[in-house]
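Here the structure comes first, spelled out in structure tokens, and everything after it is commentary.
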Amino acid sequence: MTTEAIPESDAAPADEGSTRDAVGDPADALVDPKAETEEELNPVAAPPPPSARQPVSRPMRTHSGRVRSGETSLRPFEGDEGVETAMHEAVRREEAVVSVEGFSLWYGAKRALFDVSMPVPKGKVTALVGPSGCGKSTLLRSVNRLNDLIDEVRFEGDMKLNGDSIYGPSVDVIELRKRMGIVFQKSNPFPMSIFENVIYPLRIDGVRDKKLLAEVCERALKGAALWDEVKDRLDESGLGLSGGQQQRLCIARAIAAEPEVLLMDEPCSALDPIATGKIEDLIDELRGEYTILMVTHNMQQAARTSDYTAFMYLGRLIEFGPTSDVFQRPIRRETEDYLTGRYG
Ligand SMILES: Nc1ncnc2c1ncn2[C@@H]1O[C@H](COP(=O)(O)OP(=O)(O)O)[C@@H](O)[C@H]1O
Ligand SMILES: [Mg+2]
186 MTTEAIPESD
196 AAPADEGSTR
206 DAVGDPADAL
216 VDPKAETEEE
226 LNPVAAPPPP
236 SARQPVSRPM
246 RTHSGRVRSG
256 ETSLRPFEGD
266 EGVETAMHEA
276 VRREEAVVSV
286 EGFSLWYGAK
296 RALFDVSMPV
306 PKGKVTALVG
316 PSGCGKSTLL
326 RSVNRLNDLI
336 DEVRFEGDMK
346 LNGDSIYGPS
356 VDVIELRKRM
366 GIVFQKSNPF
376 PMSIFENVIY
386 PLRIDGVRDK
396 KLLAEVCERA
406 LKGAALWDEV
416 KDRLDESGLG
426 LSGGQQQRLC
436 IARAIAAEPE
446 VLLMDEPCSA
456 LDPIATGKIE
466 DLIDELRGEY
476 TILMVTHNMQ
486 QAARTSDYTA
496 FMYLGRLIEF
506 GPTSDVFQRP
516 IRRETEDYLT
526 GRYG
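Using this note's numbering, the first residue of the sequence shown is number 186, and each one after it goes up by one.
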């Protein structure tokens, strides 16, 4: 995947951006109606240094490639207004492991997701990006039906896991969750040995075959790039590992049951750069064998690790496509403005 266009130091409009004041800037409405060259029409993701960051006038392309002029993307949506997701063509050619189908979710009176539809392509890493509070975690947790645990949650629409309804009336949620692995921002090893942590999903399924459990443990720890570091101390507590090792232990536990999809919510945000690098390498190795849906607010991480990027804003899925295209040739103006740090 190409990352050259995104300078390490600068491309991330972190959640806590100070660029919100760009919202609604009247300069946004000024576009060059004569823009015709590929460069003018295809905004490039590489942003200028912060000091040089000024609102830039650009034409807006619709997802059909048409140039719209005189519009600003930086606006709140009104009421229940939906958006038509700019779905890149390449997405449609992928086989979906999870498909989100017109999914909306409310926390009490607050609506957090607006009619989101997207596939999660098989064997690929899909990054969910967007400003803080835009609904990334809500969408991710909804795949695993973790939001069911919250009072006053209401939803519409459905999701499917390899064709099986996730929200259908007769779904056995416990069985459904066994088909998915989930890894959170803060690692959560259980207060038990490394070995027991890893094989936990099999234990709760009643597996007792010692040889099988040992094999699964070794395979999962190797898969999570942790085996060499812990193979001589499998009986020690998982809580004694470093933060980065604990997160890889949680990934080992998540893959021990060979899930159909692996969900990760900002798995590196509590880790130092070295531990983060190891998790990113690991995600790279899991690609192909596993289907990964990962929330990140770190744009370089999305660029480095993902095959596909879904950009969300205010509960809507604005754009979804191959990561290199979304970063370098975004279809929607909102995507470009976010990636270039114009709002956080
Ligand atoms: N348990 C909850 N109860 C009420 N509102 C919530 C809850 N969790 C999230 N929200 C709200 O839903 C919106 C989306 O949140 P979230 O999915 O956590 O966003 P993100 O992960 O993109 O930062 C936010 O406005 C947030 O305040
Ligand atoms: Mg979140």
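Note that the Cβ used here is the ideal one computed from N, Cα and C, for glycine as well. Remember, it's a predicted structure, so these values are computed and weren't measured experimentally.
Output the distance between the C-alpha atoms of residue 211 and residue 260, rounded to the nearest integer angstrom. Confidence at residue 211 is low in this model, with a pLDDT of 31, below 50, so its placement is unreliable and no value can be given for it.
Does DSSP put residue 376 in a helix, in a strand, or in coil? coil
Hey, quick one: how far does the beta strand (DSSP E) through residue 494 stretch, first residue to last? 493-498
Taking the beta strand (DSSP E) that residue 454 belongs to, which residues open and close that run? First-last for residue 454: undefined, no H or E at that position.
Can you grab the Cα-Cα spacing for the pair residue 342 / residue 355, in whole Å? 15 Å
Can you list, in chain order, every residue whose CB sits closer than 7 Å to a heavy atom of ligand 2? 321, 322, 450, 451, 480
Taking only heavy atoms of ligand 1 into account, decide whether any of them is closer than 7 Å to the Cβ of residue 295. yes
If you measure from the CB of residue 335, is any heavy atom of ligand 1 nearer than 7 Å? yes
Could you check if residue 297 is buried or exposed, using at least 16 other CB atoms within 10 Å of its CB as the buried criterion? buried
Kindly list the residues whose CB is nearer than 8 Å to the CB of residue 335, restricted to its own chain and excluding five residues on each side of it in sequence; keep chain order. 292
Applying the criterion that 16 or more other CB atoms from any shown protein chain within 10 Å of the CB defines a buried residue, is residue 501 buried or exposed? buried
Within 7 Å: the Cβ of residue 453 and any heavy atom of ligand 1? no
Within the same chain, show all residues whose beta-carbon is closer than 6 Å to that of residue 272, passing over the 5 residues directly before and after it, in chain order. 505
Any idea if residue 413 is buried or exposed, counting beta-carbon neighbours within 10 angstroms, 16 or more meaning buried? exposed
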